[in-house]
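*Asks:*
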Amino acid sequence: MSTSILEIQWILGRGRERKMQLFYTTTKSRFRTTKKLAYSAEYDDGKGIPMTDPETATENCDSMNVVFIGNPGNTRQCTAIIGNFESYHIQRWMRANDKGIDPSLPLEHKSRGIASNGRSNFYAPPFNNQYTKKHWSMLRTFLENVDSVLDELKPILKKVSRNNSVVILTCNHGQSALLVNFACSATRRGFDLGNILVFPSDLETKELAEGLGLTTYYDEKNMGPLPSGEARRYGDKTFKAMMYAKVLCVLYPLLLDYDVLFQDVDIVWYKNPMTFFHNETSDAFKFDVIFQHDGSNSVRYAPYSANSGFYYVRANKKTQYLFTSLLYHSDLILTWDSHQQALVQLLAEHSSLFGLNVKVYNRDTSMFPGGWQFHRKHSFMKELVKGKTDSYIFHMSWTENKDNKLLFLRQLGEWYVNDACVGTTVHEILGGESSSVGVAPLVEPCCAIEPLFSCHYRDKPSKLPCKTSPPIDTNGKSFW
97 MSTSILEIQW ILGRGRERKM QLFYTTTKSR FRTTKKLAYS AEYDDGKGIP
147 MTDPETATEN CDSMNVVFIG NPGNTRQCTA IIGNFESYHI QRWMRANDKG
197 IDPSLPLEHK SRGIASNGRS NFYAPPFNNQ YTKKHWSMLR TFLENVDSVL
247 DELKPILKKV SRNNSVVILT CNHGQSALLV NFACSATRRG FDLGNILVFP
297 SDLETKELAE GLGLTTYYDE KNMGPLPSGE ARRYGDKTFK AMMYAKVLCV
347 LYPLLLDYDV LFQDVDIVWY KNPMTFFHNE TSDAFKFDVI FQHDGSNSVR
397 YAPYSANSGF YYVRANKKTQ YLFTSLLYHS DLILTWDSHQ QALVQLLAEH
447 SSLFGLNVKV YNRDTSMFPG GWQFHRKHSF MKELVKGKTD SYIFHMSWTE
497 NKDNKLLFLR QLGEWYVNDA CVGTTVHEIL GGESSSVGVA PLVEPCCAIE
547 PLFSCHYRDK PSKLPCKTSP PIDTNGKSFW
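Okay, so the sequence shown: first residue is 97 according to our numbering, each after it adds one.
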């Protein structure tokens, strides 16, 4: 058995370089490259590890194990490669306790979710807590009703699908103002809403969505028990409960062999994103799942940092089982306060186990911007508000609650909902008239012809200068 090493270096752009070392382990080293390079890779010629391009370095590989390594905690990190029975998981060893890194401690096997401050991001749901039994109860309801739900969905999906795909949203009444804004902004920009299916979790939201011309399916048995109020912050009880709806509304169409573009309701369209995902000449067409980048590179979202509020899924046996597995892991969603965190870990496992092809666009891409750009990349946001980017959507993520989302969208020039339609019902809007009057009776009373702009915080992106408004962040500097 012999081991040889080559180093690859390539340019990432903006002056950044990245190097990768390849370790060849074979019974006999056989390089089809030049003799000089082969000798340098196999033996120590005193000139260090030889460097070459990716194609030359990998031409001798019948298979290749790729290990992604980062050091977000900026710790003194080592990597050990040990000969053993083949493994596709990385063990994490640390000198740490629940207070953080302690160099005086021995190296011990830890969860990969332990951060440098000692906090654990991944922990098993204890059997005796409320979440495990709640998960079992919700799963039992799903299993008892899934066949009838799929039968009811078949004619609906056949009607709304385009190119065997559908745009899926889910919402409760507490977040309905954001759903109304998405529908109003899309309508005023001339987009066809016929490809959209909304899974409301209450009747009030169902009526609002249908009043705006959207198709709905109300899964009363599974989603009816979910709360109708708004989440006040990320991870609170209402937030966690609605994450279950985000699992089911994607799983159902996949089980019926429809591709799904799932999006949160705090999104506005500049271009129809379906045109991007349907482009067969694009490199993205070969991937099973394609995600917007979350923006956060914390260990809890490693290794993908996929945003679970905007992604495209191609229906096949790999993705069907991915989201079936996510349903089976709903106890983790409840325990970890995050649908996204559980999904990212399943993406990593299913990519390794089943060969699921996962694509997460770099957070610097201009195609699918969101809260990271809004709060951290003001230079990009100035180009966006001027209409100088090639963005398909904007996602108002990274924002604590609905109230702030509404204010941020208003000052960004992306709010299209008249005040009378914010947080109200169809009965209140139409004054008792039936919502069946007209094809979309809420468009005229609810959807402003032009966006409703107002200033709120000078340190956040705005369509027009808001220099006289207060900052929302401590020591926040003016955006303009």
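A virtual CB, placed ideally from N, CA and C, is assigned to each residue, including glycine. As the structure is a prediction and not an experimental result, all values here were calculated from the model.
1) Leaving out five residues before and five after Gly196 in sequence, what residues of the same chain have Cβ atoms less than 7 Å from its Cβ?
2) With Asn403 as the anchor, note down where its beta strand (DSSP E) starts and where it stops.
3) Measuring CA to CA, which of Asp427, Ile429, Val356 and Lys413 is closest to Asn387?
4) Out of curiosity, what's the CA-to-CA distance linking Ile568 and Phe575?
5) DSSP state of His389, grouped into three classes?
6) Which two residues bound the contiguous beta strand (DSSP E) that contains Cys267?
7) Let me make sure I understand the geometry here. Which of Ser136, Gly572, Gly509 and Val535 has the alpha-carbon closest to that of Lys559?
8) Between which two residues does the beta strand (DSSP E) harbouring Glu204 extend?
9) Determine, using beta carbons only, whether Gly209 and Phe218 come nearer to each other than 8 Å.
10) Enumerate in chain order the residues of its own chain whose CB-to-CB distance from Lys206 is below 8 Å, with the five nearest sequence positions on each side excluded.
11) According to DSSP, simplified to helix, strand and coil, what is Gln359?
12) Can you tell which of Asn375, Tyr512, Thr237 and Pro465 has its C-alpha closest to the C-alpha of Phe549?
13) Measuring only the C-alpha atoms, how far is Cys562 from Leu503?
14) Cα separation between Gly451 and Asp379?
15) Check whether the Cβ atoms of Arg396 and Gln437 sit closer than 8 Å, and answer yes or no.
16) To the nearest angstrom, report how far apart Ser233 and Gly391 are at their CA atoms.
17) Measure the C-alpha to C-alpha separation of Gln271 and Gly519 and round it to an integer number of angstroms.
18) DSSP state of Thr431, grouped into three classes?
19) Alpha carbon to alpha carbon, what distance is there between Trp432 and Gln226?
20) Helix, strand or coil, according to DSSP, for Phe490 in the structure here?
21) Taking buried to mean at least 16 other C-beta atoms within 10 Å of its own C-beta, is Tyr366 buried or exposed?
22) For the candidate residues Asn260, Val262, Ala273 and Lys455, whose alpha-carbon lies nearest to that of Thr521?
23) Round the Cβ separation of Asn260 and Tyr354 to the nearest angstrom and send it over; I've been treating them as touching at under 8 Å.
24) For Lys317 versus Thr237, is the C-beta distance shorter than 8 Å?
25) Would you report the Cα separation of Lys556 and His471, rounded to the nearest angstrom?
26) Could you have a look at Phe295 and say whether DSSP puts it in helix, strand or coil?
27) To the nearest angstrom, how far is it from the Cα of Gly572 to the Cα of Gly483?
28) So Val522 is in the alpha helix (DSSP H); what residue range does that whole segment cover?
29) When you compare each of Asn161, Tyr553 and Leu352 to Leu246 by their alpha carbons, which one comes out closest?
30) Alpha carbon to alpha carbon, what distance is there between Tyr139 and Met370?
31) Can you look up Trp576 in the DSSP assignment and give me helix, strand or coil?
32) Going by other Cβ atoms of all chains shown within 10 Å of its Cβ, with 16 needed for buried, is Tyr184 buried or exposed?
33) Taking only runs of the beta strand (DSSP E) that begin and end inside the segment 445–502, which ones reach a length of at least 3 residues, in chain order?
34) For a test of the three-state rule: what should DSSP assign to Trp511, helix, strand or coil?
35) Within the continuous alpha helix (DSSP H) that includes Met234, where are the two ends?
36) Determine the direct distance from the alpha carbon of Glu540 to that of Leu289, and round the result to whole angstroms.
*Replies:* Let me spell this out:
1) Closer than 7 Å at the Cβ level, and outside the excluded window around Gly196, lie Ser212, Asn213 and Gly214.
2) Taken as a continuous stretch (DSSP letters only), the beta strand (DSSP E) holding Asn403 covers Ala402 to Val409.
3) Correcting the residue type first, residue 387 is Phe in the shown sequence and not Asn. Residue Val356 holds the alpha-carbon nearest to the alpha-carbon of Phe387 among Asp427, Ile429, Val356 and Lys413.
4) Rounded to whole angstroms, the separation of the alpha carbons of Phe575 and Ile568 is 12 Å.
5) Three-state DSSP puts His389 in a strand.
6) Looking at the DSSP string, the run of the beta strand (DSSP E) that includes Cys267 is Ser261 to Cys267.
7) For Lys559, the nearest C-alpha among the options comes from Gly509.
8) That run of the beta strand (DSSP E) goes Glu204 to Lys206.
9) Going by C-beta atoms, Gly209 is nearer than 8 Å to Phe218.
10) Cβ within range, chain order: Arg188, Trp189, Met190 and Ala192.
11) Gln359: strand per DSSP, three-state reduction.
12) Relative to Phe549, the option among Asn375, Tyr512, Thr237 and Pro465 whose CA is nearest is Tyr512.
13) A straight line joining the alpha-carbon of Cys562 with that of Leu503 spans about 13 Å.
14) In this model, Gly451 and Asp379 are separated by some 17 Å (Cα to Cα).
15) The answer is yes: Cβ separation under 8 Å.
16) Ser233 and Gly391: Cα-Cα distance of roughly 34 Å.
17) Approximately 8 Å, taken between the alpha carbons.
18) Under the three-state reduction of DSSP, Thr431 is assigned to helix.
19) Rounded to whole angstroms, the separation of the alpha carbons of Trp432 and Gln226 is 13 Å.
20) Note: Phe490 maps to strand in three-state DSSP.
21) Buried: at least 16 other Cβ atoms inside 10 Å.
22) Between Thr521 and the set Asn260, Val262, Ala273 and Lys455, the nearest pair of CA atoms involves Ala273.
23) Their Cβ separation, rounded to whole angstroms, is 6 Å, which keeps Asn260 and Tyr354 in contact under 8 Å.
24) Result yes, Cβ atoms of Lys317 and Thr237 sit closer than 8 Å.
25) Straight-line Cα distance between these residues: approximately 7 Å.
26) The three-state reading of DSSP puts Phe295 in strand, counting E and B together.
27) In this structure, the alpha-carbon of Gly572 lies about 25 Å from that of Gly483.
28) First-last of the alpha helix (DSSP H) with Val522: Val522 to Leu526.
29) Among Asn161, Tyr553 and Leu352, the Cα nearest to that of Leu246 is on Leu352.
30) Going by the C-alpha atoms only, they are around 52 Å apart.
31) Looking at Trp576 - three-state DSSP - the assignment turns out to be coil, as it is neither helix nor strand.
32) With fewer than 16 Cβ atoms within 10 Å of its Cβ, Tyr184 is classed as exposed.
33) Segments of the beta strand (DSSP E) lying fully in the segment 445–502: 454–456 and 489–491.
34) Under the three-state reduction of DSSP output, Trp511 falls in the coil class, being neither helix nor strand.
35) Residues Gln226 to Val256.
36) Cα to Cα, Leu289 sits roughly 16 Å from Glu540.
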